[in-house]
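In the working numbering, each number is its position in the sequence shown, counted from 1, plus 104.
All residues carry an ideal CB built from backbone N, CA and C; glycine is no exception.
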Amino acid sequence: CGAAWGGRGGPPAGGPESAAVGMAETLPDTTAEQDQGLERLTKELQARDWERWQLLQLLHEKDTRLAQAEASAAQQRAVLAAARDAARRYRALCALRAWKA
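Below you can see the structure in the form of structure tokens.
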């Protein structure tokens, strides 16, 4: 057993055992700090998830409005084309009546 420690009767002072004792003393503090950090990060993550959800809802609303606007524009183009066609036919009819008279 003594040969493992360089021929001395025990581990050197300040060796692994004393380091383990020092670590064991700071372990509760470190664990508490880690718990606080974890709690803070969890709250931050939840806040960001909530913000992300809200942004996705806004994006969905905007997409819906955009789709409605596009459909409305397409319908207006169709109505305009029909009105132009009706105006063209009316002018042709007026020209035929004027030619006939």
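The three-state reading of DSSP puts Ala205 in coil, since its state is none of H, G, I, E or B. Each residue's CA atom was taken as its position, placing Asp189 and Leu197 some 12 Å apart.
One alpha carbon belongs to Glu143, the other to Glu137, and they sit about 10 Å apart. Put simply, the backbone Cα of Ala191 is about 57 Å away from that of Arg152.
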